[in-house]
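Q: Residue numbers (this note's numbering), protein chains in the order written: chain F, 129 to 505; chain R, 129 to 520. Can you read through this structure? Questions will come right after.
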Amino acid sequence: MDFEFSDEQEQLRDAVRRWVDKGFGFERRHALAKAGGKTREVLGEINDLGLAGLVVPEAHGGMGFGAIEAMVVMEELGRGLVNAPYAQAALVAPTLLSYAPEALQQVWLPKIAGGEALVVLAQQERASRYRLDQVATRASEAGGGWKLSGTKVVVPAGDEADAFIVSARVSGGESEAAGVALFVVDAGAAGATLRGYPTQDGARAADLVLADTPATLLTRQGHDALEHAADVAIAALCAEAVGLMDRMVAVTVDYMHQRRQFGVPIATFQALRHRIADVKMQLELGRSMSYFASLKLGEPAQQRRRALSQAKVQLGNSMRFVGQQCTQIHGGIGVTDEYVSSHYFKRLTVIELSFGDTLHHLGEVSARMRDGAGVFA
Amino acid sequence: MDLNFTSEELAFREEIRDWVGKNLPRETSHKVHNALRLSREDQQGWAKILGKKGWLIYNWPKPFGGPGWNSVQKHLFEEECARAGAPRIVPFGPVMVAPVIMAFGNTEQHQRFLPGIASGEVWWSQGYSEPGSGSDLASLKTRAERRGDKYIVNGQKTWTTLGQYGEWIFCLVRTSTDGKPQTGISFLLIDMKSPGITVRPIITMDGEHEVNEVFFDNVEVPVENLIGEENKGWTYAKHLLAHERTNIADVNRAKRELERLKRIAKSEGVYDDARFRDQIALLEIDVVALEMMVLRVLWAEKSGKQSLDVAGLLKIRGSEIQQRYSELMMLAGGPCTVPYLHEAMEGGWQGDIAIDRFLLPLAGTYFNQRKTTIYGGSNEVQRNIVAQTVLG
Chain F
129 MDFEFSDEQE
139 QLRDAVRRWV
149 DKGFGFERRH
159 ALAKAGGKTR
169 EVLGEINDLG
179 LAGLVVPEAH
189 GGMGFGAIEA
199 MVVMEELGRG
209 LVNAPYAQAA
219 LVAPTLLSYA
229 PEALQQVWLP
239 KIAGGEALVV
249 LAQQERASRY
259 RLDQVATRAS
269 EAGGGWKLSG
279 TKVVVPAGDE
289 ADAFIVSARV
299 SGGESEAAGV
309 ALFVVDAGAA
319 GATLRGYPTQ
329 DGARAADLVL
339 ADTPATLLTR
349 QGHDALEHAA
359 DVAIAALCAE
369 AVGLMDRMVA
379 VTVDYMHQRR
389 QFGVPIATFQ
399 ALRHRIADVK
409 MQLELGRSMS
419 YFASLKLGEP
429 AQQRRRALSQ
439 AKVQLGNSMR
449 FVGQQCTQIH
459 GGIGVTDEYV
469 SSHYFKRLTV
479 IELSFGDTLH
489 HLGEVSARMR
499 DGAGVFA
Chain R
129 MDLNFTSEEL
139 AFREEIRDWV
149 GKNLPRETSH
159 KVHNALRLSR
169 EDQQGWAKIL
179 GKKGWLIYNW
189 PKPFGGPGWN
199 SVQKHLFEEE
209 CARAGAPRIV
219 PFGPVMVAPV
229 IMAFGNTEQH
239 QRFLPGIASG
249 EVWWSQGYSE
259 PGSGSDLASL
269 KTRAERRGDK
279 YIVNGQKTWT
289 TLGQYGEWIF
299 CLVRTSTDGK
309 PQTGISFLLI
319 DMKSPGITVR
329 PIITMDGEHE
339 VNEVFFDNVE
349 VPVENLIGEE
359 NKGWTYAKHL
369 LAHERTNIAD
379 VNRAKRELER
389 LKRIAKSEGV
399 YDDARFRDQI
409 ALLEIDVVAL
419 EMMVLRVLWA
429 EKSGKQSLDV
439 AGLLKIRGSE
449 IQQRYSELMM
459 LAGGPCTVPY
469 LHEAMEGGWQ
479 GDIAIDRFLL
489 PLAGTYFNQR
499 KTTIYGGSNE
509 VQRNIVAQTV
519 LG
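This is the structure:
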């Protein structure tokens, strides 16, 4: 058992933190969000730190790092309130591509590792909510190739991406896991239409409408790959949430010392002191379960799914409590757009709505419950 | 970062598991697994078995005869004991007063008191709380006046857990009223057979006799029973509070009880009821999160590389979880937990009732567990402490 970060991991953390401190202040973030949330340029700067290929195997031009390095980077991006789609680009896409034939990996992974291509997952549909097996988009094989038809919604950074990894059904009914396959679709492919929009957390997403759009088969084991990628995304989001909450709590503590009412700092009021103690509790439970999430990513699928759902429930509860209470403690200033705290809150809320909310994952944990309890069960 | 125990730690765990399996009396573990009443013999019997092996003092440093285990080994020992259904070690002697005697007592006191604690022969009680001094402990009024080579003690302690068995009691007493309340307190060891001591039971709402009032009426205590210096007792007591921070979360017992909850829920047909099952799932997640937090603290203690400011959270969270599982067990039992049969709490009871007897203690345990967020510094006081570390 060891909860220490290696020197390499600490260097990684420092590198991201230095970039955030120097180049990604709140004013820049706020301006980007107001301008519609396009952040390809920001992603480029993160890639310039060498982080695009963080988890891409060395054979494909990456650094071949693992879950803990990803966690460290995500914590720092959270702390910096960075609204670029790093997790999607550098963690989710390489995970999905690891299920692809070698030739296809060779096409995309070096470009991802080099920061030249932004490839994002287009999975959610209007009726899918958080289910990975609920896929109405159809794939049909014709003349040695595949064509896809259907509509994907809230595709992250959709109108900034170069290509999409699209889930589509090759067989079965609308909620059958077995018939879900994954395909790669170029952003400019025939019949592909994008409608971009800003998101609540100052970033950007898009609808992707496919009409007989040519696509390359990535894997027929689409559901397994999606589950794996969802777990990678959950671990990344948990880590990002920890960074966000850490900062939001720090900002709130500062405010409690500065803000005076009834002639004294509000930090002296026991009602608020107990509230901040409860906030600290949720933050540390969240941090503990973020570690748990990343440490369990390498387990066999059954245990991994259960552990990641457990983590997402804890982080969901932590994010909601920390976000809501830190907003409350701030009073009026906490609900304004000009002040940083509301932006932490909105990002935490969007994380709750990503890759399964708290109730969804509580249902997963409940359904997977078996004898044996605790970290090692 | 790594979540796995080393192969040495796993071998250590096996050794403990094997030994506990062979030495824990079955009758005792049956009572623990079913939340039945533990007698003095159940508790002290297990303490003496551990004492003989040298493990009652598993948390003592080597120079004082402890096994010299690190924080992870201690945790594994606690986990195996809890898992097997061992009674909790009554903490007042080996866990609470012994570290104070070691740190602030003289050599004569070491020799006089530590062996009886280590063997489990002498039952110690704690004399801290008073009727007027709960969370505000420093306001305590029990007086010890120096007369020649004796202190004369007058006053009252309360909430003295298992004080009915107590042979010795360590007390915080007032030796001065000058200055701040904290600076006039001394740490005194008192023989409970001394003339002038009266122990009266307090029956708690579960109908059990677990806590007591202890009255002191001109009790003579030799001055050699004073620990350290007069009026420095508060400092020593704080040292005591700093000990055993992770164990207070009791996560190992929570893991065992969560499994019992699942068994009860299955037997009562609510395990497959989504509304009930989700509550168990939530508790399971709470237990995993608590265990992760405990493991972080253990590692920080073992490695000495990090100081974590989360230790204060463990008591709050651990006690909330204890209350929650006892509540859910009662709810799983439903109406069949309503009968109150005081005698059904005994191990050998053979009553004629159409309800499985494992259901009968569940409401009582729920009532009993309300204490956990009150004792050892109420959770509100704990929040004050956490807030102090967060806000400075």
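Cβ coordinates follow ideal geometry from the N, Cα and C atoms, glycine included.
Is the distance from the Cβ of histidine 141 of chain F to the Cβ of valine 200 of chain F below 8 Å?
A: Checking the sequence shown, residue 141 of chain F turns out to be arginine, not histidine. Contact flag set, yes.
Q: Going along chain F in order, which residues have a C-beta closer than 7 Å to the C-beta of alanine 409 of chain R?
A: By Cβ distance, chain F contributes Leu490, Val493, Ser494, Met497.
Q: Between which residues of its own chain and valine 438 of chain R is the CB-CB distance below 8 Å, once the five residues before and five after are set aside?
A: Only Met421, Arg424, Val425 meet the Cβ criterion.
Q: Would you report the Cα separation of phenylalanine 220 of chain R and tryptophan 296 of chain R, rounded to the nearest angstrom?
A: Going by the C-alpha atoms only, they are around 10 Å apart.
Q: In chain order, what residues of the same chain have a beta carbon less than 8 Å from the beta carbon of methionine 230 of chain R, not counting five sequence neighbours either side?
A: Within the same chain, methionine 230 of chain R has close Cβ partners Trp188, Pro189, Phe192, His238, Leu242.
Q: For a test of the three-state rule: what should DSSP assign to glutamate 338 of chain R, helix, strand or coil?
A: Residue state, collapsed to three classes: strand.
Q: What are the partner residues of proline 530 of chain F, as DSSP defines its beta bridges?
A: For residue 530 of chain F there is no data in the structure shown, the boundaries of chain F being 129 and 505.
Q: Have a look at phenylalanine 420 of chain F and lysine 180 of chain R and give me their C-alpha separation to the nearest angstrom.
A: So the two alpha carbons sit approximately 39 Å from each other.
Q: Using the Cα positions of threonine 501 of chain R and serine 314 of chain R, report the straight-line distance between them to the nearest angstrom.
A: Near 27 Å, if we compare the C-alpha coordinates of serine 314 of chain R and threonine 501 of chain R.
Q: Which whole runs of the alpha helix (DSSP H) in the segment 338–388 of chain R are 4 residues long or more, in chain order?
A: You should have 361–369.
Q: What does the Cβ neighbour count give for threonine 464 of chain F, buried or exposed, with the cut at 16 atoms within 10 Å?
A: Exposed, since its Cβ has fewer than 16 Cβ neighbours within 10 Å.
Q: With a threshold of 8 Å between beta-carbons, can alanine 402 of chain R be considered close to chain F, or not?
A: Yes, alanine 402 of chain R counts as interfacial toward chain F.
Q: Taking all protein chains shown into account, decide if valine 294 of chain F is buried (16 or more other Cβ within 10 angstroms of its Cβ) or exposed.
A: Flag for valine 294 of chain F reads buried.
Q: So is alanine 429 of chain F buried or exposed if we call it buried at 16+ other beta carbons inside 10 Å?
A: With fewer than 16 other Cβ atoms within 10 Å, it is exposed.
Q: Using only the alpha-carbon positions, how far apart do lysine 202 of chain R and lysine 162 of chain F sit?
A: For lysine 202 of chain R and lysine 162 of chain F, the distance between alpha carbons rounds to 55 Å.
Q: By how many angstroms is the C-alpha of isoleucine 362 of chain F removed from the C-alpha of leucine 265 of chain R?
A: Roughly 46 Å between the two C-alpha positions.
Q: Note down, in chain order, every chain F residue with its Cβ under 9 Å from the Cβ of phenylalanine 140 of chain R.
A: Within chain F, no residue comes near phenylalanine 140 of chain R; the closest Cβ sits about 13 Å away, beyond 9 Å.
Q: Spatial neighbours of arginine 381 of chain R within its chain, please: C-beta separation below 6 Å, excluding the five flanking residues on both sides.
A: The residues are Ala210.
Q: Does any residue of chain R have a CB that is nearer than 8 Å to the CB of glutamate 136 of chain F?
A: By this cut-off, glutamate 136 of chain F is not an interface position.
Q: Note the first and the last residue of the continuous alpha helix (DSSP H) segment covering lysine 285 of chain R.
A: No alpha helix (DSSP H) contains lysine 285 of chain R, which is instead part of the beta strand (DSSP E) from 278–286.
Q: Just how far apart, CA to CA, sit arginine 496 of chain F and lysine 440 of chain F?
A: Rounded to the nearest angstrom, the two C-alpha atoms are 15 Å apart.
Q: Between glutamate 387 of chain R and chain F, is any beta-carbon pair separated by less than 8 Å?
A: Glutamate 387 of chain R counts as touching chain F.
Q: Excluding the 5 residues preceding and the 5 following glycine 371 of chain F in the sequence, name in chain order all residues of the same chain whose CB lies nearer than 8 Å to its CB.
A: So the list reads Met202, Glu203, Glu204, Leu205, Gly206, Arg207, Gly208, once near-sequence residues are dropped.
Q: Using a 10 Å radius around the Cβ and a threshold of 16 neighbouring Cβ atoms, would you call leucine 425 of chain F buried or exposed?
A: When all chains shown are included, leucine 425 of chain F counts as buried.
Q: Is the beta carbon of proline 222 of chain F sitting closer than 8 Å to the one on valine 263 of chain F?
A: For proline 222 of chain F and valine 263 of chain F, no; Cβs fall outside 8 Å.
Q: Please report the straight-line C-alpha distance between glutamate 387 of chain R and tryptophan 183 of chain R, rounded to a whole angstrom.
A: Glutamate 387 of chain R and tryptophan 183 of chain R: Cα-Cα distance of roughly 26 Å.
Q: Between R/Ala428, R/Ile217, R/Asn282, which lies nearest to glycine 255 of chain R when the distance is taken from Cα to Cα?
A: For glycine 255 of chain R, the nearest C-alpha among the options comes from R/Asn282.
Q: Could you tell me if glycine 278 of chain F is buried or exposed, where buried requires 16 or more neighbouring beta carbons within 10 angstroms of its beta carbon?
A: Buried: at least 16 other Cβ atoms inside 10 Å.
Q: Cβ of methionine 384 of chain F less than 8 Å from any chain R Cβ?
A: Yes, methionine 384 of chain F counts as interfacial toward chain R.
Q: For glycine 383 of chain F, report the span of its alpha helix (DSSP H) as first-last.
A: Residue identity check: residue 383 of chain F is tyrosine in the sequence provided, not glycine. That run of the alpha helix (DSSP H) goes 350–386.
Q: Using 8 Å as the threshold, is the segment 215–232 of chain F in touch with the segment 334–353 of chain F, meaning 3 or more CB pairs across them?
A: Yes, since at least three Cβ pairs between the segment 215–232 of chain F and the segment 334–353 of chain F fall closer than 8 Å, the two stretches touch.
Q: How would you write the range of the beta strand (DSSP E) that arginine 165 of chain R sits in, first residue to last?
A: Taken as a continuous stretch (DSSP letters only), arginine 165 of chain R belongs to no beta strand (DSSP E), as it is neither H nor E.
Q: Report yes if the C-beta distance between leucine 131 of chain R and leucine 443 of chain F is below 8 Å; otherwise report no.
A: No.
Q: Quick check on the DSSP output: the beta strand (DSSP E) that includes glycine 255 of chain R runs from which residue to which?
A: Run containing glycine 255 of chain R: 252–255, per the beta strand (DSSP E) assignment.
Q: Taking the Cβ atom as the reference point for each residue, do isoleucine 325 of chain R and cysteine 299 of chain R lie within a distance shorter than 8 Å?
A: The answer is no: Cβ separation not under 8 Å.
Q: For the putative contact between isoleucine 404 of chain F and leucine 519 of chain R, defined by C-beta atoms under 8 Å, what is the C-beta separation to the nearest angstrom?
A: At roughly 6 Å, the Cβ-Cβ gap stays under 8 Å, so isoleucine 404 of chain F and leucine 519 of chain R are in contact.
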